[in-house]
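First the structure, in the form of structure tokens, and then the observations on it.
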Amino acid sequence: MPTCKYCGQETGGAQFCQTCGAKVEAEPVAPSPIPTMNQQMPYQQPPMGQPYPQYYQPQQMYTPGSNTGLLVGNIILLVISACCFCMIIPLVSVALSIVGVVYSNKIRHATSLAEERHCRNVAIIMLVLSIIFLALGVLVLSIGIYSEYGSFDAFMEAVRESANSK
Numbered sequence: 001m002p003t004c005k006y007c008g009q010e011t012g013g014a015q016f017c018q019t020c021g022a023k024v025e026a027e028p029v030a031p032s033p034i035p036t037m038n039q040q041m042p043y044q045q046p047p048m049g050q051p052y053p054q055y056y057q058p059q060q061m062y063t064p065g066s067n068t069g070l071l072v073g074n075i076i077l078l079v080i081s082a083c084c085f086c087m088i089i090p091l092v093s094v095a096l097s098i099v100g101v102v103y104s105n106k107i108r109h110a111t112s113l114a115e116e117r118h119c120r121n122v123a124i125i126m127l128v129l130s131i132i133f134l135a136l137g138v139l140v141l142s143i144g145i146y147s148e149y150g151s152f153d154a155f156m157e158a159v160r161e162s163a164n165s166k
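For the sequence shown, the positions run 1 to 166 when this note's numbering is used.
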């Protein structure tokens, strides 16, 4: 039962004390502590078929998948494209392969499934585009050789003659 803080008489739940007339203020109710993940709470098994209370649910830790295939594929394309970058088209393949390597590496450090999928999709797209640009570069080089020399053997003979003349 609330009491008057001035005269100490019980107020019977009234807003003003009947003895001295002072306003009776309700005592502040202390909030019940809300458990956090850092506090040690006694474990209580929930009834059968009931979900765990929110603060007892285990933390979901995300473990990303492997990036080995994409990383190796993008690195191999990077090396091949760098060896063939005598033309502008394979040079584009070098840039795309670098982006693919970066995103392939980000897969292992993803913190969520959505982030892993995004990095994996970008790495796959860069891998496919690198293959396309590298193949396009080889095709353009082959067309140039055949239009200038008539065959690849004639081109190689011209290269040998050029090397022997020096």
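Glycine is no exception: its CB is placed at the ideal position from the N, C-alpha and C atoms.
Tell me which same chain residues have a C-beta within less than 8 Å of the C-beta of residue i, skipping the five on either side of it?
i          : result
serine 112 : Tyr62
State the CB to CB distance for the pair residue i and residue j, rounded to an integer number of angstroms; the pair is presumed to be in contact (CB under 8 Å).
i            : j             : result
arginine 117 : asparagine 67 : At roughly 12 Å, the Cβ-Cβ gap does not stay under 8 Å, so arginine 117 and asparagine 67 are not in contact.
cysteine 7   : valine 24     : Their Cβ separation, rounded to whole angstroms, is 11 Å, which puts cysteine 7 and valine 24 out of contact at 8 Å.
glycine 137  : isoleucine 89 : 4 Å
valine 94    : alanine 82    : 6 Å
Taking buried to mean at least 16 other C-beta atoms within 10 Å of its own C-beta, is residue i buried or exposed?
i           : result
alanine 14  : exposed
leucine 78  : buried
alanine 123 : buried
alanine 158 : exposed
Relative to the C-alpha of residue i, which residue among the options is closest?
i           : options                          : result
valine 92   : Glu161, Met126 and Ile143        : Met126
serine 97   : Ala110, Ile80 and Ile88          : Ile80
leucine 70  : Asn105, Cys83, Val140 and Cys84  : Asn105
glycine 65  : Ala82, Ala95, Val94 and Ala114   : Ala114
leucine 139 : Arg160, Ala110, Asn164 and Cys84 : Cys84
Give every residue of the same chain whose Cβ lies closer than 6 Å to the Cβ of residue i, excluding the five residues on either side of it in the sequence, and list them in chain order.
i           : result
alanine 135 : none
serine 162  : none
If you drop the 5 nearest sequence neighbours on each side, which residues of the same chain put their C-beta closer than 7 Å to that of residue i?
i            : result
tyrosine 103 : Cys119, Val122, Ala123 and Met126
valine 101   : Leu71, Asn74, Ile75 and Leu78
Cβ pair count under 8 Å reaching 3, the region 120-136 against the region 150-161:
no
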